[in-house]
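Heads up, the thing below is written out as C-alpha cells.
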Amino acid sequence: MSAPASLLRRAAVEGLGTAALVAVVVGSGIQATELTRDVGTQLLANSLATVFGLGVLIALLGSVSGAHFNPAVTLAAWFTGRRTGDGPALRDVAAYVPAQVAGAIAGTVLADAMFGKPLVAFSTHDRFHSQLWLGEVVATAGLVWLIFGLTRAGRAHLAPLLVASYIGAAYWFTSSTSFANPAVTISRAFTDTFAGIAPASVLPFLVAQLVGAAAGLGLVAACFGRPAAADDEVVLPLGGQQPAAPARSAEESALA
73 MSAPASLLRR
83 AAVEGLGTAA
93 LVAVVVGSGI
103 QATELTRDVG
113 TQLLANSLAT
123 VFGLGVLIAL
133 LGSVSGAHFN
143 PAVTLAAWFT
153 GRRTGDGPAL
163 RDVAAYVPAQ
173 VAGAIAGTVL
183 ADAMFGKPLV
193 AFSTHDRFHS
203 QLWLGEVVAT
213 AGLVWLIFGL
223 TRAGRAHLAP
233 LLVASYIGAA
243 YWFTSSTSFA
253 NPAVTISRAF
263 TDTFAGIAPA
273 SVLPFLVAQL
283 VGAAAGLGLV
293 AACFGRPAAA
303 DDEVVLPLGG
313 QQPAAPARSA
323 EESALA
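Dropping the structure here:
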C-alpha cells in the first residue's frame, strides 16, 4: 500500500478526474446528437457513457484523492468531518474546489476540440425553470445521501458501482437530468452542445445543488444518527488519506 499522497497530488488528481468526467459527459452528448435525431436515444447514450466513465474514474482514483470530482461532495465531507477529524481540512477544500472547477472547464474544451466544435462557445440551452431547480435539489440530495450513507453503513467499497448507477438513474428520474455538481454545471456553460447550460441558468442550479447537499446530509443524519469516530474505510468523503482498514469478513473481501 503506497504512502498517502501529498495535497498537491490529490488536488491534481481531482482536477484530472473532473476533467475526464466532463469530457465523457460533453463528448458523449456531442457524439449522440451526431448519430441520431431522437432525443430519448441521445439521452440514453449520454447517460450510459456517464455511468461507465464515472464508475471507472472512482475506482481508479478513489484511493488517491477520494474521487470527489464535485465541490458539493468536498464541502459536505469537510462539514461532516470537522468534528471527528476524518474529513478533509479547509486547506484541502481550498485546493480541491478550484482544481475541480478548472478541470471541469478543461474537460469541456477537450470534448469540443475532439469533435471539431468551437473550443469555447457559451451555451444557449436555457434551463431557467423552477421545476429544474427542484430536480437539482433532489438529484444532489440523493447523491450526498448515498455517498455518506455508504460510508456510515460500512459499504464505501461499493461506491464506484453504486454512485455511478445512481447518477445514471438520476439522468432519467429528475427533470434537470441530474447535473448534481457545481463544477460540472459551470463547465457546461462553455459548450453550445447537447450537454450545455446557458450562463444565465447556472447560478440557480448552483444554489439548488448546495441546498440539495445540505438536505442529503440531513437524510444521512436521520438514517444513521450523528457520526462517531471514524471506524470504516472511506472512498469518497476523505481526501485520499484513508485510515487502516479493519478486518473484513470473507463476504466483504470478495465484494471488494
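In terms of this note's numbering, the sequence shown is residues 73 to 328.
Backbone N, C-alpha and C define an ideal beta-carbon position, used for all residues, glycine too.
Spatial neighbours of residue i in its chain, beta-carbon cut-off 8 Å, leaving aside the 5 residues before and after
{"i": "Val136", "result": "Ala77, Arg81, Arg82, Val85, Gly312"}
{"i": "Ser195", "result": "Arg260, Ala261, Phe262, Thr263, Asp264, Thr265, Gly268, Ile269, Ala270, Pro271"}
{"i": "Val274", "result": "Thr257, Ile258, Ala261"}
{"i": "Leu162", "result": "Trp150"}
Close-in-space but distant-in-sequence residues of the same chain around residue i (CB under 7 Å, 5 per side omitted)
{"i": "Trp217", "result": "Gly288, Leu291, Val292"}
{"i": "Ser250", "result": "Ala211, Ile239, Ala242, Tyr243"}
{"i": "Gly221", "result": "Val292, Cys295, Phe296"}
{"i": "Thr246", "result": "Gly207, Val210, Ala211"}
{"i": "Pro190", "result": "Asp184"}
{"i": "Leu278", "result": "Pro254, Thr257"}
For residue i, the three-state DSSP class (helix, strand or coil)
{"i": "Val96", "result": "helix"}
{"i": "Asn118", "result": "helix"}
{"i": "Ser250", "result": "coil"}
{"i": "Leu206", "result": "helix"}
{"i": "Pro232", "result": "helix"}
{"i": "Leu80", "result": "helix"}
{"i": "Pro271", "result": "helix"}
{"i": "Ser137", "result": "helix"}
Burial state of residue i (16 or more Cβ within 10 Å)
{"i": "Thr113", "result": "exposed"}
{"i": "Gly268", "result": "buried"}
{"i": "Leu93", "result": "buried"}
{"i": "Arg199", "result": "buried"}
{"i": "Ser100", "result": "buried"}
{"i": "Ala337", "result": "As displayed, the chain neither begins before 73 nor continues past 328, which places residue 337 out of reach and without an answer."}
{"i": "Gly175", "result": "buried"}
{"i": "Leu126", "result": "buried"}
{"i": "Gly157", "result": "exposed"}
CA-to-CA distance, residue j to residue i, given in whole angstroms
{"i": "His140", "j": "Gly284", "result": "16 Å"}
{"i": "Arg298", "j": "Leu147", "result": "17 Å"}
{"i": "Ala171", "j": "Asp110", "result": "35 Å"}
{"i": "Gly87", "j": "Ala255", "result": "10 Å"}
{"i": "Thr90", "j": "Arg154", "result": "24 Å"}
{"i": "Ile219", "j": "Val235", "result": "7 Å"}
{"i": "Val169", "j": "Thr108", "result": "36 Å"}
{"i": "Val98", "j": "Val123", "result": "13 Å"}
{"i": "Val128", "j": "Val96", "result": "11 Å"}
{"i": "Met186", "j": "Pro276", "result": "30 Å"}
{"i": "Phe151", "j": "Val173", "result": "20 Å"}
{"i": "Asp184", "j": "Ala104", "result": "13 Å"}
{"i": "Gly188", "j": "Leu282", "result": "34 Å"}
{"i": "Gly37", "j": "Asn118", "result": "This structure leaves residue 37 out entirely; the chain is present only between 73 and 328."}
Neighbourhood of residue i by C-beta distance below 6 Å, restricted to the same chain and skipping five residues each side
{"i": "Val307", "result": "Caution applies to Val307, whose pLDDT of 48 falls short of 50 and renders its modelled position unreliable; the value that the coordinates give is listed next. Here the set comprises Gly134, Ala228, Ala231."}
{"i": "Val192", "result": "Phe262"}
{"i": "Asn253", "result": "Asn142"}
{"i": "Ala280", "result": "Trp205, Glu208, Val209"}
{"i": "Ala167", "result": "Leu79, Ala83"}
{"i": "Ser248", "result": "Leu204, Gly207, Glu208"}
{"i": "Gln215", "result": "One detail in the question is off: residue 215 reads as Leu in this sequence, not Gln. Closer than 6 Å at the Cβ level, and outside the excluded window around Leu215, lie Ala252."}
{"i": "Ser202", "result": "none"}
{"i": "Ala131", "result": "Pro232"}
{"i": "Ala213", "result": "Gly284, Ala287, Gly288"}
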